Amino acid sequence: MKVNLEGKFALVTGAARGIGQAIADMLTANGARVAYADIDVATVQQTAANKPGALAVAMDISNESSVQSAMAEIHKQFGRLDILVNNAGVNTAKHRVNIDQFPLEEWERILKIDLTGTFLVSQAASRIMLKQQEGRIINIASVLGVVPARLQCAFTSAKAGVAHLTRTLAIELGEHGILVNCVAPGSTLTEGTKQLFYSESASEKDRAKRVLSHIPLGRAGTVEEMAHAVLFFAAPESSYISGQTLCVDGGWSAGGFFRDF
Ligand SMILES: NC(=O)c1ccc[n+]([C@@H]2O[C@H](COP(=O)([O-])OP(=O)(O)OC[C@H]3O[C@@H](n4cnc5c(N)ncnc54)[C@H](O)[C@@H]3O)[C@@H](O)[C@H]2O)c1
7 MKVNLEGKFA LVTGAARGIG QAIADMLTAN GARVAYADID VATVQQTAAN
57 KPGALAVAMD ISNESSVQSA MAEIHKQFGR LDILVNNAGV NTAKHRVNID
107 QFPLEEWERI LKIDLTGTFL VSQAASRIML KQQEGRIINI ASVLGVVPAR
157 LQCAFTSAKA GVAHLTRTLA IELGEHGILV NCVAPGSTLT EGTKQLFYSE
207 SASEKDRAKR VLSHIPLGRA GTVEEMAHAV LFFAAPESSY ISGQTLCVDG
257 GWSAGGFFRD F
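Residue 7 is where the sequence shown starts when you use the numbering used here, and the numbers rise one by one after that.
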């Protein structure tokens, strides 16, 4: 997909790697100037290096003063903000357990980054977009925020919150020309998840098989497939769509699907 984002200024959080990097690169390739923001400053500087018009920014989305100073820097450099992509997020790797064993600190860590972080960056961006009376906010949730899975209660709840925050902001900000939408990825191949899908270990192979059994298309998605959905919501052509969550999940959320049935 090719759209014209010439003259547009964008911010993508969690842009050092993975889906965020693919989104930032795709917005850049379609003509936008993009602030690549991440808590991992060294990596995001490398990622943004030599990308036309790119700005690397240090930002911890879960820390209000970090968000405010990063946003001030972006506004100083760009003078406006047309597109915000709230992509940065985390899940639990260590604590894949039912609620009775789920540590409160892990619940609070995930909620603070995935949900509060999305709130903080959206709040800072909305203050700029309200002055412009124009803007796009695109949140990255997860299919697990639409159709939950066991053993990840903090992540599924935070991502359901992101999808509902999307609808809330769409009705708060619509009259000011600000459109708010959400992309909910299914299993996506990144450096992190490649270990699962290409592992030689028997237990990981079994886990990968169980994950794939939920996906009618029978494979994980690519970071580019996620970025294309974001590009659609950022495009001038999608000017009458707000408050929507688009699952890019190979059919996972369409309903119960069991390959062996
Ligand atoms: N990969 C998947 O299968 C998948 C599936 C569903 C949803 N998602 C969502 O997509 C988004 C991107 O996922 P990914 O797989 O590319 O993740 P990733 O771990 O590869 O990259 C996430 C990036 O966010 C950054 N980050 C983490 N905490 C941050 C913070 N507090 N402030 C700023 N940056 C921070 C990290 O440094 C990293 O660069 C996340 O919101 C994730 O929940 C991913």
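Backbone N, C-alpha and C fix where the C-beta goes; we use that ideal spot for every residue, glycine too.
Predicted model only: the values in this text are computed from it and were never measured.
State buried or exposed for residue i, treating a residue as buried only when at least 16 other CB atoms are found within 10 Å of its CB.
i    : result
P58  : exposed
M32  : buried
A21  : buried
A241 : buried
G198 : exposed
N187 : buried
T174 : exposed
S68  : buried
G167 : buried
Could you tell me which residues DSSP puts in a beta bridge with residue i?
i    : result
G227 : T194
N145 : N92 and C188
R39  : F15
C253 : A190
A64  : D44
Do residue i and residue j have their C-beta atoms closer together than 8 Å?
i    : j    : result
W258 : V153 : yes
V127 : L90  : yes
W113 : A160 : yes
T196 : G24  : yes
V63  : I144 : no
E243 : V9   : yes
P191 : S148 : yes
A48  : A54  : no
Q129 : H182 : no
G141 : D88  : yes
N104 : L157 : yes
R86  : F15  : yes
G180 : L223 : no
A131 : L252 : no
V217 : E231 : no
F203 : A226 : yes
Is the beta carbon of residue i within less than 7 Å of some heavy atom of ligand 2?
i    : result
P191 : This structure does not include ligand 2; its bound ligands are ligand 1.
Inter-stretch contact (C-beta, 8 Å, three-pair minimum) for the stretch 113-131 and the stretch 90-97 = yes
Those runs of the beta strand (DSSP E) which lie wholly inside the stretch 115-180 and span at least 3 residues = 141-146
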